[in-house]
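In terms of this note's numbering, the sequence shown is residues 45 to 658. Using N, Cα and C, we set each Cβ at its ideal position, and we do this for glycine too.
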Amino acid sequence: MASNKFIVSDLDFDEIKLNLKSFLQDQPEFSDYNFEGSGFAVLIDTLAYNTHYLGFNANMVANEMYLDSADIRKNVVSLAKMLGYTPSSSKSPTAVVDITLNNATGASSVTMDKGTSFSATIDNTEYNFVTNEDIAMTPQDGVYKFSNVTLYEGTLVNFKYTVDSTDVDQRFIIPNVNADTSTLKVTVQTSISDTTQEVYTLATGLKSLNNTSKAYFLSETDTGKFEVYFGDGILGKKLADGNIVTLEYIVSNLEDANGTTNFVAKGSVGGFSDVSVVTKSAAQGGSTPETKESIRFNAPLQYTSQDRAVTTTDYETLVRSIYPNATSISAWGGEDDETPVYGVVKIAVKGQSGVPLTNATKLDIVTKLKSYNVASVRPEIVDPIITSIILVVNAKYDKKSTAKTADTLKSEIVDAITDYNTNTLTAFDGVFRYSKLMGIIDNVDNSILSNITTVKVRKTFTPTLSSSTKYDIYFRNAIYNPHSGHESVLSSSGFKISGNNNEMFLDDDGQGNVRLYYLVSGIKTVQNATQGTIDYATGQITINSLDVASVSNIRGSISDKIEITVSPSSNDVVPVRDQILEIDIENSIVNVSEDTFVGGSSEAGVGYTTSSSY
């Protein structure tokens, strides 16, 4: 019996064409027809192309209906909006400076107007920075100084709309695609004749809104610009005809100005022209609008938080929304710290530039989190703590199977380690997995036969000079100590203590004690056998009452820090809480040597040597 059904599951052009021919050949009218040798082949090709395009378009339409598969930005944004999520806009780089008015006298107070301009140059390009609010100052002891002023890169602009309810198409759109909506200020003037202005604030939820709430809402349009809209008289105050809406914001050059440090006033400040500017924190935080991938990741998380901060995941999600420049976030209860602090949620934030967040940025995040807090829990933003991983790689290769030199292979191994460091580590959830890296090294080239790699971890601390101080160093990973009295696994960089001209170092005795010692003709002399303690199980090192007079250079470079290096118990190293693991590429060692066994130089393995991972 002839089949009268198409196979509709295939979208490949050739499969569609074959299905069409099979269908037609099963019909009595075409049972003996030569489809390939006639003009009918063109018609079948046309039908196949048409079916293929229709199927493809249907699939694409279906993909664009779901947040996790949509590819067109406006569709991703629209689907995220259904979850109550607004993508972050472009961000202007911000810097923190102190501004001093020289030769200023007579004024009891001085106000620096909003929009006061400063210039800074990086990579031979000059950028404009402005203040985003009026700042008043009273002189102290005759010094006219504005302290900790935040400067925003870009231009302060405003745009006005007159409300017209008869215009059904009226929209309040921010016309600049590079507008930083975090700097947006929305005011509503009653009318041209009545200049009374009301400040509207961004609505972050519906619970606190009523018919008189002066609130505005924000969303991204299908063109990538942002739109402001207002309440309907039930949720938020409704605008009236003749109201004048003013949108004031900063338009920036995105990340181009990140890193600028030297700022100069472009005109007078508060009426004074002799102005000095001291940079407290270089410009950072400039970024492009939130990516599609970030929207897909963050929108469901924010939805699950339900506009409240209860779990640590809620805090991570909300901080990511408040500060979209964050590349990695870790939150935990203060009670989980080595020294428990109750009633506090600690949040470690790593920004795009890798530079610690400014105090102003931290305060802004904490302030915005308060509306989501439950009970008396207090959020605290902390900086990431870097734990360095030091590698010594000994790789063997088969010289006969490659034209590459040992130096070339070494360079390629370093590149592979660098990629692993960048793509896997440098984040709060970046676990150093030994076997993964070993496999990456082995796969650099087919000629590499094996590698034996040792792992050490290193932290630094800045001592308080000329003061007897206790120091706690937390590796938060077990330290190698197979038995009591095992040889030292702790080492340090050099320093001098008060009242002693010898260069001092730290090690351990294998029994839980940290020792202070110096070298005389290469012979170790212990100054203090109980300078501190080392907990091999937890990775905590405590140094008691260390009075540091000066710090030695480290590897030929001037330093104000002391390095502490240990061997971990496991070659897998896990970051805990505010820790971020980074491979210290510069101070790691890669050795590549010919494998003498496969090369035939070592008969029956005689004279063949290998290295140890300890």
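Where residue i sits in the DSSP three-state scheme
i, result
"V363", "helix"
"Y416", "helix"
"I166", "strand"
"S68", "Reading off the sequence shown, one finds Leu at residue 68, where the question assumed Ser. Correct three-state label for L68: helix."
"F316", "strand"
"M126", "coil"
"M109", "coil"
"A581", "coil"
"V410", "helix"
"V120", "helix"
"F190", "strand"
"L298", "helix"
"Y524", "coil"
"N544", "coil"
"P344", "helix"
"T256", "coil"
"F28", "Given a span of 45 to 658 for the chain in the structure shown, any question on residue 28 remains unanswerable."
"T431", "strand"
"F203", "strand"
"L401", "coil"
"T498", "strand"
"T355", "coil"
"E59", "helix"
"K135", "strand"
Environment of residue i [buried if 16+ CB atoms lie within 10 Å]
i, result
"M126", "exposed"
"M156", "buried"
"F100", "exposed"
"N521", "buried"
"M548", "buried"
"N222", "buried"
"Q241", "exposed"
"I517", "buried"
"L64", "buried"
"I278", "exposed"
"D581", "The displayed chain sequence assigns Ala, not Asp, to residue 581. Exposed is the call here."
"Y97", "exposed"
Paired residues, beta bridge with residue i - DSSP
i, result
"S601", "I598"
"L550", "L560"
"R422", "V388"
"Y441", "I492 and E638"
"G395", "A370"
"Q184", "V187"
"M156", "I179"
"P333", "Note: P333 sits in no beta bridge, so no partner."
"G576", "V558 and I587"
"S226", "Paired residue(s): none; S226 is not in a bridge."
Close-in-space but distant-in-sequence residues of the same chain around residue i (CB under 6 angstroms, 5 per side omitted)
i, result
"E59", "none"
"G159", "V174 and L200"
"D56", "none"
"S235", "G286"
"P368", "S132 and E334"
"N176", "Y196 and T227"
"V289", "Y205, F216 and V232"
"I633", "V436"
"V488", "E456, I457 and A460"
Closest Cα partner of residue i within the set the options
i, options, result
"E630", "T449, N572 and S455", "S455"
"T149", "N172, T182 and V140", "T182"
"T210", "N495, G286, I461 and N103", "G286"
"A327", "G398, T466 and Y416", "G398"
"E197", "V289, Y562, T431 and E170", "E170"
"S432", "S132, T609, L64 and T245", "T609"
"D639", "N495, Q69 and F505", "N495"
"R364", "S122, T130 and D112", "T130"
"G576", "V570, I585 and K568", "I585"
"S134", "A102, L228 and V154", "L228"
"V193", "G566, N254 and D142", "D142"
"N417", "D89, T402, P400 and V388", "V388"
"Y110", "S542, F505, N255 and P344", "P344"
"S296", "T138, P423, K440 and L145", "T138"
Contacts around residue i, its chain only, beta-carbon distance under 7 angstroms, and the 5 residues preceding and following it disregarded
i, result
"R215", "E271"
"S445", "N490 and S491"
"Y386", "G378 and E379"
"I598", "S537 and E607"
"V533", "I523, Y524, N525, D552, V610 and S611"
Distance cut-off 7 angstroms: residue i Cβ against heavy atoms of the ligand NAP
i, result
"I624", "This structure lacks the ligand NAP; in fact it carries no ligand of any kind."
Contacting residues, own chain, Cβ-Cβ under 8 angstroms from residue i (five flanking each side not counted)
i, result
"N465", "E626, I627 and I629"
Residue-chain proximity (residue i, chain B), Cβ-Cβ < 8 angstroms
i, result
"D463", "Considering every chain present, this structure includes no chain B. It has just one protein chain."
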